[in-house]
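Residues 99 to 164 (the working numbering) are what the sequence shown spells out, left to right.
In what follows, a single structure is set out as structure tokens and then discussed.
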Amino acid sequence: MTKYEPIPRCLACERDSDATPLIPLEYRGERTWICPQHLPILIHNPAQLAGKLADAENLRPADHHD
């Protein structure tokens, strides 16, 4: 029996690697992917990924030292 492996897709926009580069992301023991366009959301406003990334609403955004 073969384990089903889902096609990697950006967790934000759901584009696959034919449409955009994907960066692997491991969180809470699970692997997912994010594209470079949406990586800033994960860094600066992770709550926007609520419903797409487990417990994203409780992740702290990066501190800004502008």
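Quick reminder that beta carbons are idealized off the backbone N, C-alpha and C, glycines included.
Between I139 and A110 a beta carbon distance of about 6 Å is seen, short of the 8 Å cut, so the two are scored as contacting. Of all alpha-carbon atoms in E128, N156, I105 and E112, the one lying nearest the alpha-carbon of H136 is that of E112. In this model, C108 and Y125 are separated by some 14 Å (Cα to Cα). Here I141 carries a helix assignment [DSSP, helix/strand/coil]. In the displayed model, L120 falls within coil according to three-state DSSP, outside both helix and strand. Just so you know, the alpha carbons of G127 and H142 end up roughly 22 Å apart.
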